[in-house]
Amino acid sequence: MYANDVKMSLEEVIEETRDFLSEEFEVDRDLILPENSLKDTLDLDSLDYVDLVVLIDENLNIKLTGEDFKGIETFGDFYQLVGKKLAL
Amino acid sequence: MSHRVVITGIGIYSCLGENLDEVTKSLYAGKSGIVFDQVRKDFGFRSALTGMVQEPDLKNYLSRRQRVGMHQPAVYAYMATHEALALSGLDVDFLEQTETGIIYGNDSTAASVVEAVDKVREKHDTTLIGSGAIFQNMNSTVNMNLSTIFKLKGINFTLSAACASGSHSIGMGYLMISQGLQERVICGGAQEINASAMASFDGLGTFSVRESEPTKASRPFDRDRDGLIPSGGAATVILESYEAAVKRGAPILAELIGYGFSSNGDHISNPSIDGQTRSLQMALKQAGITTAEVDYINAHATSTPVGDGSEARAIYEVFGGNVPVSSTKSMTGHECWMAGASEIVYSLLMMQNSFIAPNINFENPDEDSAKINIIPETKEQTINCFLSNSFGFGGTNSTLIVRKI
């Protein structure tokens with residue numbers, strides 16, 4: 001992940017992810033913590049996962065599919081997936 | 001068994017105002033909602049004139065999940081319906097526990113379709129359209145969204161009948177209730193306002209090109225009219241059986257006593273005096289009233305040379321030349337799929353406030369309009385009974401008659 005041609009660390013990507021998830025899903029940013037449930041915190045239903053894929057594409061330029069979310073329970077799991085996709 | 005059908009709530013979101021109070025003032029003042037839209041000129045429109053509304057921010061009303069499937073038709077319809085339900089004393093808890101239906105008029109979702117398709121062309125991945133597009137793009141978008149938001153349990157479908165959609169939606173609600181199939185139906189019409197929705201209509205050369213004078217461009221029945229002006233927003237009319245309204249102590253605004261309809265079975269865009277006359281006569285017959293009992297006619301007249309002349313002749317043929325007539329499209333422009341519902345709302349506001357809104361810009365009659373009684377300036381007058389016409393492409397005609405109770 002690059003911002004202004006500077007490679008971002010996983011920590012920086014996580015902070016940015018918290019920003020856009022908080023804004024899009026209208027939840028308190030402080031609730032987006034590694035140990036918290038992705039689904040419950042963001043109140044995701046099956047349709048919302050489609051929008052999550054869109055958000056990740058728009059903000060992090062990563063192509064995810066529904067399959068990628070199998071086994072993802074917490075934000076921590078999700079950040080690991082993102083880090084893996086970004087090779088961070 | 002036939003049930004009396006009453007109106008217990010109305011709501012409006014239009015270029016004349018964002019609520020009933022604002023719209024009443026605009027109607028009384030004869031204020032035009034028409035503007036010049038540079039976006040349309042740049043897009044390649046022959047005429048950049050349009051009615052315009054502010055895009056409401058629904059964040060204060062609805063959750064993200066409720067909003068993502070909504071584009072202009074559903075957004076505008078939500079605003080109008082929110083107001084109508086409040087006036088009618090209906091809330092979600094009551095609606096969830098009773099059987100209330102929705103039959104809403106809508107006939108396009110052009111902008112949302114274009115936006116979604118453009119996204120796929122850019123990304124080459126349909127997932128990246130997002131989850132809301134399908135619910136924005138289907139023509140039943142208003143019904144899908146409002147029935148979900150307001151937890152409606154009754155009849156639920158969209159009515160598409162071109163520029164008579166809103167009027168027929170009220171007619172269908174009327175039939176449902178009068179036949180005893182529903183106690184309460186939310187009716188109305190929605191019309192998106194954007195270049196994508198109106199480009200093909202503009203291409204027919206039907207719109208006024210009086211761009212130097214936007215507020216004078218819509219001039220139904222006037223000798224020097226040169227075309228209609230598109231517009232939009234949404235209007236909601238809540239219908240209820242008289243018994244159900246009384247039972248819950250709802251405000252009864254008026255009674256819907258007649259619904260006439262017909263099809264021209266002729267040209268796809270040209271009007272028909274015969275078709276319009278049959279619709280008028282059917283509504284009068286069903287209402288069981290004479291022409292002398294109608295105090296006001298809200299005309300369909302859109303400011304096109306051919307259409308207004310036909311309607312003037314049809315009105316003259318059925319009513320003669322005395323009944324007061326005005327076209328509120330002189331102020332709003334043509335609200336298309338919404339018009340049949342909004343014009344019931346406008347006429348009800350006139351009835352409640354005892355005035356006839358003017359047919360602004362009516363300066364010189366032509367041969368047809370000279371025969372009927374067009375009201376060019378606001379007139380103080382009691383309205384006990386009014387009639388509203390709506391005609392659409394494909395030769396679909398609808399006439400509604402409303403009376404004080």
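Here the protein sequences line up with chains X and F, keeping their order. Sequential numbering from 1 applies to the first sequence in full-length UniProt numbering. Sequential numbering from 1 applies to the second sequence in full-length UniProt numbering. Yeah, the Cβ is synthetic: ideal placement off N, Cα and C, and Gly gets one too.
*asked:* Among the candidates F:280, F:47 and F:22, whose CA atom is the shortest distance from the CA of residue 312 of chain F?
replied: F:280
*Continuous beta strand (DSSP E) stretch holding residue 324 of chain F: start and end*: From DSSP, the beta strand (DSSP E) with residue 324 of chain F extends over 324-326.
*Rounded to whole angstroms, what's the CA-CA distance from residue 68 of chain F to residue 95 of chain F? Just pull it up for me.*
23 Å
*asked:* Let me check understanding here. Comparing Cα to Cα, which of F:85, F:72, F:340 and F:295 lies closest to residue 320 of chain F?
replied: F:295
*DSSP on residue 4 of chain F, reduced to helix/strand/coil?*
coil
*Taking all protein chains shown into account, do 16 or more other C-beta atoms lie within 10 angstroms of the C-beta of residue 61 of chain F, making it buried, or fewer, making it exposed?*
exposed
*alpha helix (DSSP H) segments (min. 4 residues) lying fully within the region 132-216 of chain F*: 133-137, 141-149, 165-178 and 195-202
_Taking beta-carbon pairs under 9 Å, can you tell me which members of the region 51-65 of chain F lie near chain X?_
59, 63, 64 and 65
*Are the C-beta atoms of residue 25 of chain X and some chain F residue less than 8 Å apart?*
yes
*What span of residues does the alpha helix (DSSP H) with residue 253 of chain F cover, start to end?*
Counting along the chain, residue 253 of chain F falls outside any alpha helix (DSSP H), and DSSP gives it neither H nor E.
_Three Cβ pairs or more, each shorter than 8 Å: is that satisfied between the region 4-13 of chain F and the region 76-90 of chain F?_
Verdict: yes, contact present.
*Check each residue of the region 125-139 of chain F: if its Cβ is closer than 7 Å to any Cβ of chain X, include it; give the result in chain order.*
127, 128, 130 and 131
*Does residue 82 of chain X get closer than 8 Å to chain F when you measure Cβ to Cβ?*
no
*Proximity to residue 86 of chain F [Cα-Cα], best of F:202, F:198, F:131 and F:20*: Residue 86 of chain F has its Cα closest to that of F:20, out of F:202, F:198, F:131 and F:20.
*Go ahead and pull the three-state DSSP assignment for residue 287 of chain F.*
helix
*Beta-bridge partners of residue 102 of chain F, as assigned by DSSP*: Answer is F:156 and F:186.
*Range covered by the alpha helix (DSSP H) that runs through residue 20 of chain X*: 10-25
*Minimum C-alpha distance to residue 161 of chain F - residue among F:98, F:393 and F:63*: F:393
*Under 7 Å Cβ to Cβ from residue 111 of chain F, same chain only, skipping five residues before and after it: list those, please.*
Taken in chain order, the residues that qualify are 71, 72, 192, 194, 196 and 197.
_Quick check: the Cα distance between residue 239 of chain F and residue 157 of chain F, rounded to an integer number of angstroms?_
Looking at the backbone, the Cα of residue 239 of chain F and that of residue 157 of chain F are separated by about 15 Å.
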